[in-house]
Every structure is written in C-alpha cells, then in structure tokens.
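S.K.: So the number in the numbering used here is just where the residue sits in the sequence shown, counting from 1, plus 132.
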Amino acid sequence: MRLENKFNELKQQGRAGLITYIMAYDKSLEESQKILNGLPEAGADIIELGMPFSDPMADGPVIQAAGIRALKAGAKVSGILKMVEQFRKNNDSTPIVLMGYYNPVRNYGVEKFCADANKAGVDAVLIVDLPIEEDDELFEITKKYDIANIKLATPTTDNERMKLIAKKAGGFLYYVAVTGVTGVKSASYESVGQAVERIKQNCDLPIAVGFGIKTTSDVKSVGKYADAVVVGSSIVNKIKDSSAEEVLNFVSELAIGNR
C-alpha cells in the first residue's frame, strides 16, 4: 500500500520518484541506521536497503566492497529487519524494498523472513538471482504477507518475457538500463526512453530505471521517461569516504534532479 500511495502521490506531483540504494550496515550499523533514517528528508521517495551476500554476482566493485564492509560490521538478516523496525518508529510512509540474493533468505527461512519483514514494515523484496521460473515459493509466501515482488527487466528482455515477468511483478518494474553489473557503465537516455515506452505496452506497473545513473543530471534526464529513478553505486561510493551528513547532502543534490 505504501508503494501504491507513493506512486499515486508522484503522479499527482507530475514528477519521477527518487529511489536510493544503500547497503545495510555499511560502514557500521550506527552509521547505516543514521543514513537510512535521514533519507526521506534528504529527498528519497523510496528506499532500497541492500542485504549483503558473500557472492554478489550482479554487483559491480562498489557494491561488492560495500557488502564486504557490511558483513565485517556484522550484518545479518535479523539485524537488517531490526533496522527497518527502527526506521518505522519515525516514518510510516516511505516504502522500503529489501534487495539482495536468495541464499540469505532461504537460510533464514522463507516463511519466517516474509512474516518478520511484514512485521518490521518492509513493503517489497527484490531478489536479483531468482528467475521467475524458480520463484513460486517466494511468490506465494510474499503474497500471503502482502509484500510486493519487484522484478527486473533488461535491454535483452523481449516482449513475451516482459509479459511473463509482469504477471508476477508487484509494486513497480525495475528496468536495468545497461547490461552488466551495477555501477560500471552509464545509461543512454535515448535508449532508456525507447525501452520504457516498450515496457509500458506490456506492463501496467510503474517503471523504475536503474544502473548507470550517477548524477543529478542523470536523474533529471532519465526522470523524463521513467516513473522513478534508482541511484545506487554513486551513493554507496559516497558512503565509503564520507560522514552520514555528507551522504545525505549528496542525496539532496540528486533529488533536485526530479523536482
């Protein structure tokens, strides 16, 4: 419901949303919680909270390094859910998407994960290494606990597969603007516009575009075509060498791009 409300609000405001990605526990629980709590005021409309994994095959070097920092800081699924609980004490409107890999979820227990995530205030999950042909268990259990399944589409996803993905997707569809891993290439704005137009012909969900979007100018350019713009690696890169206040100032600059 928070995701639906947010996209309705963005539509009324006539602008694209800013989705910010941070890795939970990067560089420490305290620092990560401080950034998470401050993101809405800095301009984040939706928050993706990364769950670190030891074999992050979809991620580039920046997110991989963040995952290593988070694991060294003691990140566990239970602790990440507690971060969301803390966040919800002061914010009950900003949607939170947990993004990560399936192994930690399976190890935690899929039913227990969804029940605890719902209780903590999680709105959606994005499991990057679980193809739709193998996600029946997660799909059914997330539906039971009213958690949306965010699905990925890429430049190589054809229309038939797009329709198949749309049947199981919820919340929004995440379009990966470039092939490859996160944070390496930059997106081509012209190709993004064409892709979003094609996706909208096959899917009724809002379209968020991510991968390769790094600057305020990128946010502004991609936001002309998408319902929301996802920025991850450039924020995570900022976290590596900056204070929480400096990270939130950077997010505020990014948010100018879609206002």
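We treat Cβ as the ideally placed atom computed from N, Cα and C, and that holds for glycine. This one's a predicted model, so the numbers in the text were calculated from it and none came from an experiment.
(1) Counting pairs of Cβ atoms below 8 Å between the segment 154-162 and the segment 180-196, do you hit three or more?
(2) Which residues in the same chain have their Cβ closer than 7 Å to the Cβ of N334, if we skip the five residues on either side of it in sequence?
(3) Identify the residues that DSSP records as bridge partners of M155: which are they?
(4) Give a yes or no on contact between the segment 158-166 and the segment 236-248, applying the rule of three or more CB pairs nearer than 8 Å.
(5) How many Å lie between I200 and P184 at the Cα?
(6) Taking the beta strand (DSSP E) that G342 belongs to, which residues open and close that run?
(7) From V229 to I339, what does the alpha carbon distance come to, in whole angstroms?
(8) Could you please give the first and the last residue of the uninterrupted beta strand (DSSP E) stretch that includes V229?
(9) Could you spell out where the beta strand (DSSP E) holding K283 opens and where it closes?
(10) Hey, I282 and A249: beta-carbon distance below 8 Å or not?
(11) With the cut-off set at 8 Å, would you say V341 and A309 are in Cβ contact?
(12) What first and last residue would you give for the beta strand (DSSP E) that runs through A256?
(13) Report the option in V361, I367, V379 and L262 whose CA atom is closest to the CA atom of R391.
(14) For a test of the three-state rule: what should DSSP assign to V310, helix, strand or coil?
(15) Can you grab the Cα-Cα spacing for the pair V368 / I151, in whole Å?
(16) What span of residues does the beta strand (DSSP E) with A376 cover, start to end?
(17) Would you list the residues sitting across from G149 in a DSSP beta bridge?
(18) Rank G253, A252 and N222 by C-alpha distance to the C-alpha of E173 and give the top, closest one.
(19) Which term fits D359, buried or exposed, when burial requires 16 or more other beta carbons within 10 angstroms of its beta carbon?
(20) Is it buried or exposed, T289, if we count other Cβ atoms within 10 angstroms and call 16 or more buried?
(21) F262 by DSSP, collapsed to three states: which one?
(22) Less than 7 Å between C-beta atoms, sequence neighbours within five positions excluded: which residues of the same chain meet that for I273?
M.R.: With the given structure in hand:
(1) Under the Cβ criterion (8 Å, minimum of three pairs), the segment 154-162 counts as touching the segment 180-196.
(2) Residue numbering aside, residue 334 sits at position 202 when the sequence shown is read from its first letter. Taking C-beta separations shorter than 7 Å and ignoring five residues to either side along the sequence, the partners of N334 in its chain run N291, M294, K295 and A298, following chain order.
(3) Against the sequence shown, residue 155 aligns to sequence position 23. Bridge partners of M155: G182.
(4) The segment 158-166 makes no contact with the segment 236-248: fewer than 3 CB pairs, one atom from each, lie closer than 8 Å.
(5) Sequence index remark: in the sequence shown, residue 200 carries index 68 (1-based). Sequence index remark: in the sequence shown, residue 184 carries index 52 (1-based). Roughly 7 Å separates the two Cα atoms.
(6) Here the question's residue 342 lines up with position 210 in the sequence shown. Per DSSP, G342 is one residue of the beta strand (DSSP E) stretching across I339 to G342.
(7) Counting from 1 along the sequence shown, the entry for residue 229 is found at position 97. Counting from 1 along the sequence shown, the entry for residue 339 is found at position 207. Whole-angstrom Cα-Cα distance: 15 Å.
(8) In the sequence shown, counting from the first residue as 1, residue 229 sits at position 97. Here the beta strand (DSSP E) through V229 covers I228 to G232.
(9) The count along the sequence shown starts at 1 and reaches residue 283 at position 151. Going by DSSP, K283 is part of the beta strand (DSSP E) stretching over K283 to A285.
(10) On the sequence shown, residue 282 is found 150 positions in, with the first residue counted as 1. On the sequence shown, residue 249 is found 117 positions in, with the first residue counted as 1. Cβ distance not < 8 Å, so I282 and A249 don't count as in contact.
(11) Reading the sequence shown from its first residue, position 209 is the one you call residue 341. Reading the sequence shown from its first residue, position 177 is the one you call residue 309. A contact, by the Cβ cut-off of 8 Å.
(12) Within the sequence shown, residue 256 is the residue found at index 124, counting from 1. Where A256 is concerned, the enclosing beta strand (DSSP E) stretches over A256 to I259.
(13) Locating residue 391 in the sequence shown gives position 259, counting from the first residue. Among V361, I367, V379 and L262, the Cα nearest to that of R391 belongs to V361.
(14) Stepping through the sequence shown from its first residue, residue 310 is reached at position 178. Three-state result, V310: coil.
(15) Here residue 368 refers to the residue found at position 236 when the sequence shown is read from its first residue. Here residue 151 refers to the residue found at position 19 when the sequence shown is read from its first residue. Their Cα atoms are separated by approximately 13 Å.
(16) Along the sequence shown, one-based indexing puts residue 376 at 244. No beta strand (DSSP E) contains A376, which is instead part of the alpha helix (DSSP H) from A376 to A387.
(17) As a position in the sequence shown, residue 149 is number 17, starting the count at 1. Beta-bridge partners of G149 (DSSP): A360.
(18) Position 41 of the sequence shown holds residue 173. The closest CA to that of E173, considering only G253, A252 and N222, is found on N222.
(19) Residue numbering aside, residue 359 sits at position 227 when the sequence shown is read from its first letter. The residue in question, D359, is buried, as its Cβ has 16 or more Cβ neighbours within 10 Å.
(20) For this step, residue 289 is matched to residue 157 along the sequence shown. By the neighbour-count rule (16 or more Cβ atoms within 10 Å), T289 is buried.
(21) Residue 262 sits at position 130 when you count from the first residue of the sequence shown. Sequence inspection shows Leu at residue 262; the Phe mentioned does not correspond to that position. DSSP places L262 in coil when its eight states are reduced to three.
(22) What you label residue 273 is simply residue 141 of the sequence shown in a count that begins at 1. The residues are V242, E243 and C246.
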